[in-house]
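Structure record follows, encoded as structure tokens.
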Ligand SMILES: Cc1cc2nc3c(=O)[nH]c(=O)nc-3n(C[C@H](O)[C@H](O)[C@H](O)COP(=O)(O)OP(=O)(O)OC[C@H]3O[C@@H](n4cnc5c(N)ncnc54)[C@H](O)[C@@H]3O)c2cc1C
Ligand code: FES
Ligand code: FES
């Protein structure tokens, strides 16, 4: 990797001041260091955040809502009883990220801000990889892990953060802090779809870091389900999280968010509309799965994701109400 | 090896900083007269006693209960410093991309990949490698031996360390918990059956 200046920040203020142009923030390093080794990202300065005490920890509970500071490691998130009990969508997803070592190193901030895994991007061709004759490498090449929605555009990679999925389903907010102070937005608003290789896929401004994520008080039920090649060492192929509120037995409100199908965490309004006003049964969940897949336009090698999406939505809705029908 | 960075940045100040130690760097920063955005930030940092470190520098690490000092660069990984500078060769370099587990060590009691940890960031933390583990009849290492938990042996130090970390956190793991706990390590020779049994046996042995 390229040589760089190192700043071991001890406070948020120091970190923000040190993050001048050409700098990169580093938390667990599990994404950044690998990109630096491959010369995909070559910062002039690295600002280390993990010794900043005011950036680590979880406060609040499921009754009031939780605030998770960005430097909280996934293993600490998993050790939180309130998350395990009241936000199973988040807990389950965190428990399946990477490996035990990754979960001991990776932070929630770094997870949300990790860069896409697209292998053309990771080989240095940018998020919109085009060859010199103008051909889109991902559209024409090996796109087995790419998106199936928004594929009329040029950003064809799949969004990488699995924790963004339950957080958006739960209606979480992200707080950024930078030279101009703090601002808070929906976690979904952290992400943008770049239209060129010089555009960032994040809404954060230069010098801004993610300070915390706040999850509202738990209401109704939530759950997640992932489909993956390998149980560890890998990202999900397709996963989803649902957050449902009920009146009696029927779903009064629903948020369903999907991973692995778009360059953004994909909010499936179709699945939400399909399940609202119904009780969650295998049939209604299947209908929601079919609705979710409508409009998908897979690329040459990822048609399997359409079928997978239907199953993942069906299982996510069922698991949210405690029905693990596929295990019997 | 040093400094392909300077060609990308024409500022003399930056180049000078890269070659100088922390104390010198701080002195230079406070004396800087012209103030661009970068300079302003550097001054603000220096005023708060934040070191901007670059080039070659001396750090001290706590490894297996000993203080060890080494010359490193900010970009040196902890794995490379342990193996090549400090002669702590238990952790192995295989993928060098946080994907195999051969380099697993413990930092403050947590298993981590040392290939994806910067040595500078490990200062002030308790580093343990398998060199410090018990190898007697109740040890993880012994259980690996008894269960034929290795073939070529290249993944073994990482597995032993991951196993040690698992048992320190959870002294009574179930089979499922052992599988999940050792999920961060890969064995090309396919010794998993022996490794998993070794973890279960070691858990029992350590208790008696
Ligand atoms: C083998 C393997 C399997 C994996 N499987 C999964 C998986 O299943 N699901 C999944 O979601 N991820 C997975 N990952 C990715 C992993 O979760 C991320 O690399 C990790 O969460 C990043 O966190 P970090 O703290 O290490 O971030 P770093 O690597 O330190 O940083 C990542 C990025 O975020 C930026 N950043 C860090 N902190 C902040 C902050 N506070 N504010 C603003 N920007 C910040 C950095 O500048 C950098 O660009 C896997 C990784 C590996 C190696
Ligand atoms: S060498 Fe570090 S995980 Fe493979
Ligand atoms: S024993 Fe050869 S890689 Fe595991």
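Chains as they are written, first to last, in our numbering: chain A, 819 to 1146; chain B, 19 to 226. Cβ coordinates follow ideal geometry from the N, Cα and C atoms, glycine included.
Considering only C-alpha positions, which residue in the set the options is nearest to residue i?
i, options, result
"residue 2 of chain B", "B/147, B/165 and B/146", "Any question about residue 2 of chain B goes unanswered here, given that chain B covers just 19 to 226."
"residue 879 of chain A", "A/1132, A/1131, A/1065 and A/1032", "A/1032"
"residue 173 of chain B", "B/184, B/133, B/118 and B/163", "B/118"
"residue 829 of chain A", "A/845, A/869, A/849 and A/1008", "A/869"
"residue 981 of chain A", "A/900, A/1019, A/916 and A/1015", "A/916"
"residue 856 of chain A", "A/883, A/898 and A/935", "A/935"
"residue 1010 of chain A", "A/1079, A/985 and A/977", "A/977"
"residue 175 of chain B", "B/143, B/187 and B/204", "B/204"
"residue 1110 of chain A", "A/1076, A/889 and A/1143", "A/1076"
"residue 969 of chain A", "A/1082, A/854 and A/1006", "A/1082"
"residue 1066 of chain A", "A/1094, A/1051, A/1118 and A/964", "A/1094"
"residue 890 of chain A", "A/925, A/871 and A/975", "A/925"
"residue 783 of chain A", "A/1029, A/964, A/1018 and A/941", "Residue 783 of chain A lies beyond the stretch modelled for chain A, which goes from 819 to 1146, so this question has no answer here."
"residue 153 of chain B", "B/144, B/178, B/189 and B/171", "B/178"
"residue 83 of chain B", "B/137, B/198, B/145 and B/220", "B/145"
"residue 895 of chain A", "A/1112, A/838, A/985 and A/952", "A/985"
"residue 1017 of chain A", "A/831, A/933, A/871 and A/881", "A/933"
"residue 93 of chain B", "B/87, B/151, B/137 and B/124", "B/137"
"residue 940 of chain A", "A/1112, A/860 and A/1126", "A/860"
"residue 1096 of chain A", "A/850, A/1064 and A/1021", "A/1064"
"residue 151 of chain B", "B/139, B/186 and B/135", "B/186"
Go through its chain and collect everything with a Cβ distance to residue i's Cβ below 8 Å, but skip five positions before and after it.
i, result
"residue 218 of chain B", "191, 193 and 196"
"residue 216 of chain B", "158, 161, 162, 164, 165, 167 and 181"
"residue 955 of chain A", "938, 943, 947, 948 and 949"
"residue 1144 of chain A", "1133"
"residue 1080 of chain A", "965, 966, 967, 968, 976 and 977"
"residue 923 of chain A", "846, 847, 848 and 891"
"residue 189 of chain B", "221, 224 and 225"
Taking 7 Å as the cut-off, decide whether the C-beta atoms of residue i and residue j are in contact.
i, j, result
"residue 876 of chain A", "residue 1116 of chain A", "no"
"residue 1130 of chain A", "residue 1043 of chain A", "yes"
"residue 833 of chain A", "residue 867 of chain A", "yes"
"residue 862 of chain A", "residue 826 of chain A", "no"
"residue 987 of chain A", "residue 907 of chain A", "yes"
"residue 846 of chain A", "residue 928 of chain A", "yes"
"residue 1034 of chain A", "residue 989 of chain A", "yes"
"residue 1012 of chain A", "residue 945 of chain A", "yes"
"residue 864 of chain A", "residue 824 of chain A", "yes"
"residue 912 of chain A", "residue 892 of chain A", "yes"
"residue 909 of chain A", "residue 901 of chain A", "yes"
"residue 103 of chain B", "residue 852 of chain A", "no"
"residue 170 of chain B", "residue 207 of chain B", "yes"
"residue 1036 of chain A", "residue 904 of chain A", "yes"
Which same chain residues, not among the five before or five after residue i, have their C-beta less than 7 Å away from its C-beta?
i, result
"residue 1023 of chain A", "996"
"residue 106 of chain B", "81, 100, 147 and 149"
"residue 97 of chain B", "109, 111, 121, 132 and 133"
"residue 1039 of chain A", "1062, 1138 and 1139"
"residue 1004 of chain A", "991"
"residue 1147 of chain A", "Since the first and last residues shown for chain A are 819 and 1146, residue 1147 of chain A lies out of range."
"residue 898 of chain A", "876"
"residue 1052 of chain A", "1046"
Which residues in the same chain as residue i place their Cβ atom closer than 6 Å to its Cβ, once the five residues preceding and following it in sequence are excluded?
i, result
"residue 200 of chain B", "180"
"residue 53 of chain B", "Any reading at residue 53 of chain B must be qualified, since the residue scores a pLDDT of 34, below 50, and its modelled position is unreliable; the value itself is stated next. Closer than 6 Å at Cβ, skipping near neighbours: no residue."
"residue 129 of chain B", "122, 180 and 183"
"residue 1026 of chain A", "994 and 996"
"residue 95 of chain B", "133"
"residue 225 of chain B", "none"
"residue 1133 of chain A", "1043"
"residue 1107 of chain A", "1128, 1131 and 1132"
"residue 1001 of chain A", "994"
"residue 214 of chain B", "196"
"residue 126 of chain B", "143 and 144"
"residue 819 of chain A", "854 and 855"
"residue 1146 of chain A", "none"
How close, in whole Å, do the beta carbons of residue i and residue j come, if the pair is a contact with beta carbons under 8 Å?
i, j, result
"residue 141 of chain B", "residue 78 of chain B", "7 Å"
"residue 836 of chain A", "residue 91 of chain B", "Incorrect: roughly 18 Å between the Cβ atoms, too far for contact."
"residue 1119 of chain A", "residue 961 of chain A", "5 Å"
"residue 983 of chain A", "residue 1086 of chain A", "The Cβ separation is near 11 Å, so there is no contact."
"residue 957 of chain A", "residue 974 of chain A", "6 Å"
"residue 202 of chain B", "residue 918 of chain A", "5 Å"
Does the beta carbon of residue i fall short of 6 Å from some heavy atom of ligand 4?
i, result
"residue 209 of chain B", "Among the ligands modelled here, namely ligand 1, ligand 2 and ligand 3, ligand 4 does not occur."
Three or more C-beta pairs closer than 8 Å, one from the region 1037 to 1057 of chain A and one from the region 1099 to 1118 of chain A: is that the case here?
By the Cβ rule, the region 1037 to 1057 of chain A does not count as touching the region 1099 to 1118 of chain A, because fewer than three pairs are nearer than 8 Å.
Three or more C-beta pairs under 8 Å: does that hold for the region 1087 to 1099 of chain A against the region 1069 to 1076 of chain A?
Enough Cβ pairs lie closer than 8 Å, so yes.
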